[in-house]
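The numbering of the sequence shown is my numbering, which starts it at 128 and goes up by one.
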Amino acid sequence: MTSVRRGAGPATATERTERMNPETLERILSCPTLPSLPSVAMRVVDMTSRPNVKMDELSAVIQADQGLATKVLRTVNSSYFGLKQRCGTIQRAVVMLGLSPVKSLVLGFSLVSAVRGAEGFDYRSYWRRAMVSAAAAQCVAEEKGFRWGDEAFLAALLQDLGMVAMHRALGRQYERVLAEAGDDHRRLVDLELAELEVQHPEIGAMLCQRWKLPGELVVTVKFHERPTAAPKPHADLVRCVGLGGMLHDAMTASDPGESLQRLIAYAQQWFGLGPERVDALIARAVAASKELAALFSVDIGQAVDSERLVSAARRQMVDISKVTPYQNTLPVGIDNLVVDPSENDALTGALGRGSFDRAMRHAFAAAEKAGEGVTVAAVSVDGLAGPGHERLADEALITACALLRKHFDPLGAVVCRLGGPLFAVLATAVGQAPVRAAADEFRAEYQQAAAAWDKAAGGAVRASVGIATAAPTGGGSMTPQALLAAAAKGVQEARSAGGAVRGAA
């Protein structure tokens, strides 16, 4: 069988840190004007890390800073929290709301005071992303019934702290990177690594460690641009913040269709949230972000009409984003195949390699009995394998899987991810011609989506497809392994042609 690269995934956090330039890293971390938390906030962090913290002592520490206490109480009594009774003291606020919301407010207001000033940095955009992401992350957590919505809120506020640190330390050098990224925040990490050999998520996580913030916040800041690479114990928290960032992108993009498409795809994949629930989350998050901006006294620019956002985006987007678990939606054409839902690919939701092998064996047995053929299309997504492109690679794989579903589901086929950049589509009783037509349509639409990644990748991002069919001879002349090998050979030929569709009988 033709060898294929399997199990290739994003670089580990350690590998990404080791790739950072140590001199630039030291220059940033030793900058005397880095943001710092006020002493009150540091004490609150220390006290809340103790399991036996006394509420009255904590309240006294917050109350000692009259300005901070006033801001916290004003927020607690706002419609954002919706308390039925007015709260007059910090101690009562802790009793009524609990420790976590009050701690998050203290740190949130402290963060606002720490991140101020400096020309050349777009603080309006910074705070808009922070407030929208924080509101959305908390809404997602609450929608799923997670008990750490306040942590999601705070983590989203902190996520881009490294950007402020890099600007204060590197000045115009970093401003040039920001200018090149423009309004596309998704390109920023790749540009940071390419131009400066450091990245803001790592810098932000290091600052959070310096401030002695809880480990879950440090991890979330570190992985907020790469939620699928987050350690499993913190994966849901990081993904809530990741969805918050995607919602912000949908709100601020000049063409929101693609951004909303990504949001719906990941919301479905990570948390099983369908488009209707995402619509409701958008409305809640937009309203909450406006109120939060007013309460925290930060300028986030002109308000966005959530209803217009959703309706405009839906008109522009192609419905390719419903990446639902296959165990619930097996196409009728192969609905009797034995698959193991636990082996679904974690990133895309497609069947994993083990389920694919079993599906092939059952498809061959069923096809031989019915006198039908079996067709396999092997698909390779290429051009984003280099260092620094992990996030784009994830996005390319998600998009490829969704488009494969869109074009092959009508044939009663199933889509599997074999490993790394390689997918396989398994179809029975349809012949090679319809599969090839679907493959051509898939490639055409995928190449349109991939055009946006070409510049960041420094080359062509493409999909190559190889197709092979086992004819209904009844003699067992071709095995499942041989069929896949023939399709893989077609992929190699398609790659050599610069990305194409190649078929074999």
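Heads up, the beta-carbon is just placed ideally off N, CA and C, and yes, glycines get one too. Keep in mind it's a predicted model, so treat the numbers as computed, not measured.
Within its own chain, the residues whose Cβ lies closer than 7 Å to the Cβ of Thr475, once the five positions on either side in sequence are excluded, are Val450, Leu524, Ile525, Cys528 and Arg544, listed in chain order.
For Asp287, the closest alpha carbon among the candidates Glu307, Val259 and Arg274 is that of Val259. The count of Cβ pairs closer than 8 Å, one atom from the segment 333 to 346 and one from the segment 164 to 183, reaches three, so the stretches are in contact. Within the same chain, Cβ atoms closer than 6 Å to the Cβ of Ser227 are found at Asp277, the five residues on either side in sequence being excluded. When rounded, the separation of the alpha-carbon atoms in Pro162 and Ala292 is 7 Å. The C-beta distance from Arg570 to Val628 rounds to 6 Å, short enough to fall under 8 Å. In chain order, Ala296 place their CB closer than 7 Å to the CB of Arg154, counting only its own chain and leaving out the 5 sequence neighbours on each side. Bridge partners of Val628 according to DSSP: Val592. Lys181 sits exposed, since fewer than 16 C-beta atoms from the chains shown fall within 10 Å of its C-beta. Three or more beta-carbon pairs drawn from the segment 263 to 282 and the segment 365 to 378 are found closer than 8 Å, and the two stretches are therefore classed as touching. Taking a C-beta distance under 7 Å as the contact criterion, Gly371 and Ala263 qualify as a contact pair. Ranked by Cα distance from Thr555, the options Trp254, Ala504 and Val188 are led by Ala504. The three-state reading of DSSP puts Asp249 in coil, since its state is none of H, G, I, E or B.
Rounded to the nearest angstrom, the gap between the Cα atoms of Tyr573 and Arg411 is 32 Å. Bridge pairing for Asp509: Arg589 [DSSP]. Two segments are said to touch when three or more pairs of C-beta atoms, one from each, lie closer than 8 Å; by this definition the segment 223 to 237 does not touch the segment 395 to 409. Boundaries of the beta strand (DSSP E) around Cys543: Val541 to Gly546. A check of alpha carbon separations from Leu284 across Glu620, Val592, Leu478 and Val348 identifies Val348 as the nearest. At a Cβ-Cβ threshold of 7 Å, Ser186 and Val242 do not count as neighbours. In the structure shown, Leu611 falls within a helical segment according to DSSP collapsed to helix, strand and coil.
In its chain, beyond the 5 residues on either side, Arg314, Leu315 and Leu318 have a beta carbon closer than 6 Å to the beta carbon of Ala308. Sequence-distant Cβ neighbours of Ile330 in its own chain, meaning closer than 7 Å and more than five residues away, are Ile155, Gly289, Ala292 and Met293. DSSP, reduced to helix, strand and coil, places Phe550 within a strand of the structure shown.
Distance check between Glu150 and each of His489, Asp406 and Glu324 places Glu324 closest, using alpha-carbon atoms only. In the structure shown, Thr355 falls within a helical segment according to DSSP collapsed to helix, strand and coil. With the rule of 3 Cβ pairs closer than 8 Å, the segment 545 to 552 counts as touching the segment 485 to 505. For Glu184 and Leu419, the gap between their C-alpha atoms comes out near 27 Å. Where Leu288 is concerned, the enclosing alpha helix (DSSP H) starts and stops at Leu288 to Leu297.
In this model, Asp310 and Ala380 are separated by some 8 Å (Cα to Cα). It is roughly 35 Å from the alpha-carbon of Glu352 to the alpha-carbon of Asn179. The C-alpha of Asp192 lies about 21 Å from the C-alpha of Arg177. Non-local beta-carbon contacts of Val405 in its own chain, meaning distances under 7 Å to residues more than five positions away in sequence, involve Leu390, Ile391 and Ala394 in chain order. Of the other Cβ atoms in all chains shown, fewer than 16 fall within 10 Å of the Cβ of Gln212; this residue is therefore exposed.
DSSP places Thr202 within a helical segment (H, G or I) once states are collapsed to three. Arg488 and Leu610 have their alpha carbons spaced roughly 11 Å apart.
In the three-state DSSP reduction, Val503 falls in the strand class (E or B).
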